[in-house]
Ligand SMILES: Cc1cc2nc3c(=O)[nH]c(=O)nc-3n(C[C@H](O)[C@H](O)[C@H](O)COP(=O)(O)OP(=O)(O)OC[C@H]3O[C@@H](n4cnc5c(N)ncnc54)[C@H](O)[C@@H]3O)c2cc1C
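Residue numbers (this note's numbering): 327 to 709.
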């Protein structure tokens, strides 16, 4: 009997599930993606966009391109999810699936910190990154502050990379001596889930560039008129330009669906990504997968992608009865841009117990080149 796979979200994870299933499933089965944005933006490239290394066109692709690959695309806002019935409402219209995949990512909530949204710019969206680029182009020296406004956010390396890329750009623009760069993080160390060795290496990379690092600074308030920040530990900071990572939470429609556990995110089986509802899967940033060391698996595209591969294989198997079952194994890696055409590289098994086994490679030109190849390859392969 013909079946429908309904995929909520056409970001990194949703795209991979959709294209993998379309390749595997016979044509009588429908693969439907629901996405609010007309264009997909490749998030790792936003870091190059802020210093002018990329423009929006280079890193975006129309989601409608999936249609020519046999995937049905519904563009609209999902306002309701009923996981028990595998039904959703999109702009007032009901849709249902035999299999439901929730890949709706994280919602950014700067409003959780009073004043933050008006005080600076965040690089987690295309519009935000473009605003950072514009503000940076007009910056002629002074105090640049980078800030993570909560300890859990997507791509734990990103704010450290942003600091190093902006530092390099300040030298290229002959204003390094006039620029003080401070990075305040809510977390106790860079990329803490990757272990103390990786944390130490990233901290050294940042500090070796004269960037002042202030861990365990949870921002509580920003005052855009006075250009000041206040932290839970009583510290205060001033800035001329503020670049921040906003607090993250599960999207409203997910919070209202009854799917979120105590963590505030969706709980799933860590291998199959199945929720407590039959034939309902969730993956990527919208889930929280607890690790033995007491912190969750980081939110990153590399995990969303690999989880999506496992989910697609298991759904295809459930529908056709063919193929092997698959489980996400916790493997992942990332590049850490350090400026000047160099990057470091860290990777390993985040499901290893009692602590993840992650190794870090020293920054070099080849890791930056590898990241550029990854960007080009990813956009070509999935569009
Ligand atoms: C600057 C930056 C750099 C990064 N670099 C890296 C990197 O180098 N490596 C790495 O692994 N990760 C990186 N990441 C993280 C990575 O982008 C995310 O972890 C990844 O995109 C998560 O995939 P996802 O499918 O879970 O969610 P997303 O890719 O965010 O997709 C979610 C989709 O759901 C849609 N959506 C949400 N709500 C609704 C709704 N109600 N109705 C309709 N559609 C909706 C959204 O529009 C979105 O397209 C980076 C992130 C940023 C911001």
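Cβ atoms here follow ideal geometry from the backbone N, Cα and C, with glycine treated the same way.
These figures come from a predicted structure and were not determined experimentally.
- Remark: the shortest separation between the CB of residue 345 and any heavy atom of ligand 1 does not fall under 7 angstroms.
- Assignment of beta-bridge partners to residue 401 by DSSP yields 361.
- Bridge partners of residue 412 according to DSSP: none are assigned.
- Set against 7 angstroms, the gap from the CB of residue 667 to the closest heavy atom of ligand 1 is not smaller.
- Here DSSP, grouped into helix, strand and coil, assigns residue 501 to coil.
- Per DSSP, the continuous beta strand (DSSP E) segment holding residue 419 begins and ends at 419-422.
- For residue 331, no alpha helix (DSSP H) run applies; the uninterrupted beta strand (DSSP E) run containing it begins and ends at 330-334, by DSSP.
- Contact holds between the segment 481-492 and the segment 656-672, because three or more Cβ pairs, one in each stretch, are under 8 angstroms apart.
- For residue 630, the shortest C-beta to heavy atom distance toward ligand 1 is below 7 angstroms.
- For residue 480, the distance from the CB to the nearest heavy atom of ligand 1 is below 7 angstroms.
- Scanning its chain for C-beta atoms nearer than 6 angstroms, with the 5 sequence neighbours on each side dropped, one finds around residue 354 the residues 328, in chain order.
- In this structure, DSSP gives residue 476 a state outside helix and strand, which the three-state scheme calls coil.
- In the structure shown, residue 686 adopts extended strand secondary structure according to DSSP, grouped into three states.
- Checking the 7 angstroms criterion, the Cβ of residue 611 is within range of a heavy atom belonging to ligand 1.
- The criterion of a C-beta distance shorter than 8 angstroms is satisfied by residue 403 and residue 362.
- Under the three-state reduction of DSSP, residue 376 is assigned to coil, being neither helix nor strand.
- Distances from the CB of residue 385 to the heavy atoms of ligand 1 are all 7 angstroms or more.
- Annotation: residue 493 to residue 439 spans about 26 angstroms, alpha carbon to alpha carbon.
- Secondary structure of residue 622 (DSSP, three-state): strand.
- Taken in chain order, the unbroken stretches of alpha helix (DSSP H) that lie wholly in the segment 532-599 and span 4 residues or more are 578-581.
- If you draw a straight line from the Cα of residue 391 to the Cα of residue 334, it comes to about 17 angstroms.
- If you draw a straight line from the Cα of residue 649 to the Cα of residue 346, it comes to about 13 angstroms.
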